[in-house]
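Everything on this sheet refers to the single structure shown next.
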Ligand SMILES: NC(=O)c1ccc[n+]([C@@H]2O[C@H](COP(=O)([O-])OP(=O)(O)OC[C@H]3O[C@@H](n4cnc5c(N)ncnc54)[C@H](O)[C@@H]3O)[C@@H](O)[C@H]2O)c1
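In the numbering used here, the protein residues as written are 40 to 409.
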């Protein structure tokens, strides 16, 4: 088991990473006195798969489980409001504790409810997807979507603890694992060359063949534990230096500028978040190479690793000018604000806002846009 501190003075907390640790969470709540009764917010699938394991450790507490429907479209104020209703019905009070138990959708919504119910009550993040374990559960960004904009309504509100049980990853579909792996590769590129090397050396544990069944995944659980631990360390250190994304935390957006444009253009259907980010990381590395900031050998290593993990590295079937438009480039360039996170080498990235449009367009075309 690994413990990582997210150092935020009086809001500091730990990220615990281990295997089969769900039933131990109750003991920690008891010794830390984080709440007298517990509300688990989860979705029906995660509840079916792992709810009993978590509740096993909560026998000494009054606890109640609230299910929200699965999927991004349910991360909204209507569902949040239903959760408030249920908290009121079951007399949740300032001493109650929320456990956000599931993927990033549950984590963001339950965190938002915890931040706002009675002006903020304690909560824990118990993430069960790779993306949530390495990214969404750490850093205190909570929120819901507005019909016109993703993640528009929310607040920074830190949990008391993040507890990531890698055993839960064994039931994740391959595509969900891959979407998390894109963020994992991102950490290697922006912050840690040794971690990137580790991913290269272990890519055979992280490809479609290794995802064939829960048993093949279980066989490489030690590798997954290292991946979640190292990723959590990087996310924790960036968050500790820049809690509210005033500067440094922006480097976590590596791959997200063009990635978001692709997601928007394909209406979140053709590519999922990690797939779009993978293409965006290749595009940003290519841009950095054209700007003579990074060597072509490093760009090739990034492309090669993403391909080994089964992630896309080319954009198929999108017109280049549409992608450029989706970046909102004209307006943003005039305001001098279009921001790219560009790698200078594997293990170090910088934020740049001076990339010429013709370089962006030519890279997008090279990646397969017509
Ligand atoms: N707060 C942040 O800093 C932050 C960072 C990145 C992403 N996010 C948010 O995270 C969300 C995406 O999160 P996600 O990728 O975890 O998607 P998700 O929460 O939709 O989960 C994906 C699916 O996996 C299922 N699932 C969860 N755990 C499982 C398990 N162990 N086994 C089998 N199935 C399981 C869920 O039921 C769901 O259908 C987005 O809303 C995004 O905005 C937030």
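Cβ coordinates follow ideal geometry from the N, Cα and C atoms, glycine included.
So is the beta-carbon of residue 144 under 7 Å away from any non-hydrogen atom of ligand 1? Here residue 144 is taken as the residue at index 105 of the chain shown, counted from 1. Yes - ligand 1 has a heavy atom lying nearer than 7 Å to the Cβ of residue 144.
Report buried or exposed for residue 40, applying the criterion of at least 16 other Cβ atoms within 10 angstroms of its Cβ. Taking the chain shown and counting its residues from 1, one reaches residue 40 at position 1. The residue in question, residue 40, is exposed, as its Cβ has fewer than 16 Cβ neighbours within 10 Å.
According to DSSP, which residues form a beta bridge with residue 200? Within the chain shown, residue 200 is the residue found at index 161, counting from 1. Per the DSSP secondary-structure output, residue 200 pairs in a beta bridge with 53, 163.
Is residue 350 close to ligand 1? I mean its beta-carbon at under 7 Å from any heavy atom of the ligand. Start at 1 with the first residue of the chain shown, and residue 350 comes out as number 311. False, no ligand heavy atom lies under 7 Å from that Cβ.
Around the Cβ of residue 364, are there at least 16 other Cβ atoms within 10 angstroms (buried) or fewer (exposed)? Here the question's residue 364 lines up with position 325 in the chain shown. Label assigned to residue 364: exposed.
Could you tell me whether any non-hydrogen atom of ligand 1 is closer than 7 Å to the CB of residue 63? By one-based count along the chain shown, residue 63 stands at place 24. No, the Cβ of residue 63 stays beyond 7 Å of every heavy atom of ligand 1.
Sorted by chain position, which residues of the same chain lie with C-beta nearer than 7 Å to residue 349's C-beta, five sequence neighbours on each side aside? Along the chain shown, read from residue 1 onward, the residue named residue 349 stands at position 310. Hits under 7 Å: 217, 246, 247.
Per DSSP, the bridge partner or partners of residue 42: Indexing the chain shown from 1 puts residue 42 at position 3. Answer is 55.
Anticipated Cβ contact below 8 Å, residue 176 with residue 162, distance rounded: As a first step, residue 176 is located in the chain shown; it is residue number 137 there, counting from the start. As a first step, residue 162 is located in the chain shown; it is residue number 123 there, counting from the start. Wrong, their Cβ atoms sit about 11 Å apart, outside the cutoff.
Residue nearest to residue 277 in terms of C-alpha spacing, selected from 179, 323, 215, 159: Along the chain shown, one-based indexing puts residue 277 at 238. Ranking 179, 323, 215, 159 by Cα distance to residue 277 puts 179 first.
From residue 48 to residue 58, what does the alpha carbon distance come to, in whole angstroms? As a first step, residue 48 is located in the chain shown; it is residue number 9 there, counting from the start. As a first step, residue 58 is located in the chain shown; it is residue number 19 there, counting from the start. Approximately 28 Å between the Cα atoms of the pair.
Could you compute how far the alpha carbon of residue 46 sits from the alpha carbon of residue 274? Within the chain shown, the letter at position 7 stands for residue 46. Within the chain shown, the letter at position 235 stands for residue 274. Between residue 46 and residue 274, the C-alpha separation is close to 11 Å.
Following the continuous alpha helix (DSSP H) through residue 125, name the residue where it begins and the one where it ends. On the chain shown, residue 125 is found 86 positions in, with the first residue counted as 1. That run of the alpha helix (DSSP H) goes 116–128.
Is residue 175 a contact residue of ligand 1, with contact defined as CB to any heavy atom under 7 Å? Along the chain shown, read from residue 1 onward, the residue named residue 175 stands at position 136. Residue 175: yes, Cβ under 7 Å from ligand 1.
If you check the beta carbons only, do residue 392 and residue 377 fall under 8 Å apart? Numbered from its first residue, the chain shown carries residue 392 at position 353. Numbered from its first residue, the chain shown carries residue 377 at position 338. Cβ distance < 8 Å, so residue 392 and residue 377 count as in contact.
With distances taken from CA atoms, which of 66, 347, 99 is nearest residue 238? Position 199 of the chain shown, counting from 1, holds the residue named residue 238. Residue nearest to residue 238 within the set 66, 347, 99 is 347 (criterion: CA-CA distance).
Can a CB atom of chain D be found closer than 8 Å to the CB of residue 257? Among the protein chains of the structure shown there is no chain D, as only one such chain exists.
Under the rule that 16 or more other beta-carbon atoms within 10 Å means buried, what is residue 312, buried or exposed? For the purposes of this step, residue 312 is identified with residue 273 of the chain shown, where counting begins at 1. With 16 or more Cβ atoms within 10 Å of its Cβ, residue 312 is classed as buried.
Rounded to whole angstroms, what's the CA-CA distance from residue 151 to residue 186? Just pull it up for me. Indexing the chain shown from 1 puts residue 151 at position 112. Indexing the chain shown from 1 puts residue 186 at position 147. When rounded, the distance between both Cα atoms is 17 Å.
Just the C-alpha distance for residue 371 and residue 362, rounded to the nearest angstrom, thanks. The residue you call residue 371 lines up with position 332 of the chain shown. The residue you call residue 362 lines up with position 323 of the chain shown. Annotation note: pLDDT 42 at residue 371 (below 50); position unreliable, coordinate value reported separately. Those two C-alpha atoms are separated by around 14 Å.
My understanding is that residue 345 touches residue 263, with C-beta atoms under 8 Å, so please give their C-beta distance in whole angstroms. Stepping through the chain shown from its first residue, residue 345 is reached at position 306. Stepping through the chain shown from its first residue, residue 263 is reached at position 224. The Cβ separation is near 18 Å, so there is no contact.
Rounded to the nearest angstrom, how far is the Cβ of residue 229 from that of residue 290, given a contact under 8 Å? Working through the chain shown from its first residue, we reach residue 229 at position 190. Working through the chain shown from its first residue, we reach residue 290 at position 251. Rounded, the Cβ-Cβ distance is 5 Å, consistent with contact.
Taking 7 Å as the cut-off, is the CB of residue 296 close to at least one heavy atom of ligand 1? As a first step, residue 296 must be located in the chain shown, where it is residue number 257. No.
Does residue 383 come out as helix, strand or coil in the three-state DSSP assignment? Looking up residue 383 in the chain shown gives position 344. Looking at residue 383 - three-state DSSP - the assignment turns out to be strand.
Just mark residue 398 as buried or exposed, buried being the case when its beta carbon has 16 or more other beta carbons within 10 Å. Position 359 of the chain shown, counted from the first residue, corresponds to residue 398. Residue 398 comes out exposed.
Can you determine whether any heavy atom of ligand 1 sits closer than 7 Å to the C-beta of residue 255, and answer yes or no? Counting from one through the chain shown, the residue named residue 255 turns up at place 216. Not under cutoff, so the answer is no.
Nearer than 7 Å: is that true of the beta carbon of residue 170 relative to any heavy atom of ligand 1? Taking the first residue of the chain shown as 1, we reach residue 170 at position 131. Residue 170: yes, Cβ under 7 Å from ligand 1.
Taking DSSP's pairing of strands, which residues face residue 139 in a bridge? To locate residue 139, count along the chain shown from 1; it is residue 100. Its beta-bridge partners are 80, 164.
Could you name the residues that DSSP lists as bridge partners for residue 106? If you number the chain shown from 1, residue 106 lands on position 67. Answer is 81, bridged to residue 106.
Contiguous alpha helix (DSSP H) assignments of at least 4 residues, all confined to the segment 283–347: 295–304, 312–329, 335–347
Where the beta strand (DSSP E) through residue 195 begins and ends: Reading the chain shown from its first residue, position 156 is the one you call residue 195. Start and end: 188–195.
Could you check the C-alpha separation between residue 325 and residue 338 for me, to the nearest Å? Residue numbering aside, residue 325 sits at position 286 when the chain shown is read from its first letter. Residue numbering aside, residue 338 sits at position 299 when the chain shown is read from its first letter. Computed Cα separation, rounded: 7 Å.
Express the C-alpha separation of residue 83 and residue 89 in angstroms, rounding to a whole number. As a working mapping, residue 89 is identified with position 50 in the chain shown. As a working mapping, residue 83 is identified with position 44 in the chain shown. Distance between the alpha carbons of residue 89 and residue 83 is about 10 Å.
By DSSP, does residue 182 sit in helix, in strand, or in coil? For the purposes of this step, residue 182 is identified with residue 143 of the chain shown, where counting begins at 1. If DSSP states are grouped into helix, strand and coil, residue 182 belongs with the strands.
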